[in-house]
Amino acid sequence: MEKRTDKATKQIRLLVSVFLSLLGLIALFLIFFYLMQGEGQLSAGGSIHEKPLIVLDAGHGGFDGGAVAPDGMAEAEINLAFCRILKPILESYGFEVLLTRKDASSLEKPDAGSTIRAKKRSDMQNRLEMMQAQPGSIFISIHQNASPYRSANGSVVYYSVSDPASKQLAEALQAAFIAYLQPENKRTAVAAGSNLYLLKNATGIAVLVECGFLSHAEEYQKLKESDYQKAFCLTLAHTLAKELPQLVGGETSSQQQEEISSESISS
Ligand SMILES: [Zn+2]
Numbered sequence: 085m086e087k088r089t090d091k092a093t094k095q096i097r098l099l100v101s102v103f104l105s106l107l108g109l110i111a112l113f114l115i116f117f118y119l120m121q122g123e124g125q126l127s128a129g130g131s132i133h134e135k136p137l138i139v140l141d142a143g144h145g146g147f148d149g150g151a152v153a154p155d156g157m158a159e160a161e162i163n164l165a166f167c168r169i170l171k172p173i174l175e176s177y178g179f180e181v182l183l184t185r186k187d188a189s190s191l192e193k194p195d196a197g198s199t200i201r202a203k204k205r206s207d208m209q210n211r212l213e214m215m216q217a218q219p220g221s222i223f224i225s226i227h228q229n230a231s232p233y234r235s236a237n238g239s240v241v242y243y244s245v246s247d248p249a250s251k252q253l254a255e256a257l258q259a260a261f262i263a264y265l266q267p268e269n270k271r272t273a274v275a276a277g278s279n280l281y282l283l284k285n286a287t288g289i290a291v292l293v294e295c296g297f298l299s300h301a302e303e304y305q306k307l308k309e310s311d312y313q314k315a316f317c318l319t320l321a322h323t324l325a326k327e328l329p330q331l332v333g334g335e336t337s338s339q340q341q342e343e344i345s346s347e348s349i350s351s
């Protein structure tokens with residue numbers, strides 16, 4: 085009887101491991117198929133290219149809470165919550181993601197000085213350096229808005245004017261937030277002025293997303309909810325992945341050109 089039970093247990097274990105291996109294979113196949121689909125659109129030559137790195141910046145932090153909600157919650161905390169959700173979603177789309185800050189701390193250098201102004205300058209310089217250390221990356225900064233006009237609401241996306249692809253990405257994101265999340269939102273993407281230090285000094289693709297207004301009672305409730313944060317992040321990541329071929333399409337690397345020309349010679 086014991087032997088039979090042993091045999092049955094072994095059979096069940098075998099079945100379970102076969103089932104798990106099958107599940108793993110299916111998951112791998114789905115991921116591979118998905119990535120191939122996305123990558124395939126990237127180049128005219130049809131070859132696979134790495135997806136760019138996203139430098140994901142949770143605005144403010146530490147001494148600098150940013151905008152403050154009526155109940156005292158700081159923008160910095162909500163920005164970080166969005167970025168923590170966004171990172172794995174972007175990774176599931178095949179992007180590599182680098183966070184400028186991973187926790188509640190700000191990013192000023194220890195010797196920055198003791199005034200808020202000096203700390204803020206050092207914090208922003210550090211973020212800029214992190215962006216500039218990754219040429220070819222896409223910079224996305226996440227923020228929350230606030231206004232003395234309590235009726236002001238809706239996402240707004242700012243773009244750096246140094247690279248035309250930034251405007252293209254900002255307009256696509258603005259349209260997607262309206263289409264999927266905020267049908268009443270009449271805002272359009274905005275060219276960053278000199279007050280937005282990171283976008284002003286960016287050399288590559290760079291956008292700043294003001295997800296919504298902490299000063300708007302209803303919108304603030306949504307911005308705090310993880311379900312809304314997830315929906316927002318999915319919309320952002322999906323739009324970025326969809327726009328990517330057009331964003332990088334303007335530039336053809338010399339390697340790609342070589343591949344294309346050697347293909348046309350051989351065919
Ligand atoms: Zn902010």
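Straight run, no breaks: the sequence shown in our numbering ends on number 351.
We put the beta carbon where it would ideally sit given N, CA and C, even for glycine.
Inclusion of Y243 and A254 in the CB contact set at 9 Å is warranted, their separation being smaller than that value. In the structure shown, E294 falls within a strand segment according to DSSP collapsed to helix, strand and coil. In this structure, the straight-line span from the alpha carbon of R271 to that of K193 is close to 37 Å.
For I224, the closest alpha carbon among the candidates L257, R205, A236 and I262 is that of L257.
Between A142 and L298, the C-beta spacing is not below 9 Å. Here DSSP, grouped into helix, strand and coil, assigns V332 to helix. In terms of side-chain proximity, the C-beta atom of N237 is found no nearer than 8 Å to any non-hydrogen atom of ligand 1. N279: not part of any alpha helix (DSSP H); DSSP gives it neither H nor E. CA-to-CA, the gap between P329 and P172 works out to about 21 Å.
In the displayed model, N229 falls within a strand according to three-state DSSP. N229 sits away from C317, with the two beta carbons spaced by 9 Å or more. Less than 9 Å separates the beta-carbon of V241 from that of V293.
With contacts defined by Cβ atoms closer than 9 Å, V332 and A249 form a contacting pair. Listed as beta-bridge partners of Y243 by DSSP are A275 and V291.
In chain order, the residues that have a beta carbon nearer than 5 Å to some heavy atom of ligand 1 are G143, G150 and H227. Across the structure, A301 and R234 are spaced so that their CA atoms are roughly 8 Å apart.
The continuous stretches of alpha helix (DSSP H) do not include A151, and DSSP gives it neither H nor E. Straight-line measurement puts the Cα of L320 at about 13 Å from the Cα of Q266. Partner residues in the beta bridge of G145, as assigned by DSSP, are D148.
Cβ neighbours of D148 within its own chain (closer than 8 Å, five residues either side excluded): A160, S190, I200, K203, K204 and D207. Around the C-beta of N279, fewer than 16 other C-beta atoms lie within 10 Å, and the residue is accordingly described as exposed. By the C-beta density criterion, E134 is exposed, having fewer than 16 other C-beta atoms within 10 angstroms. No Cβ-Cβ contact shorter than 9 Å links A217 with S246.
For E192, there is no enclosing alpha helix (DSSP H), since its DSSP letter is neither H nor E.
In the structure shown, E180 adopts extended strand secondary structure according to DSSP, grouped into three states. Measuring C-alpha to C-alpha distances from M157 to each of Y304, L170 and A315 identifies Y304 as the nearest.
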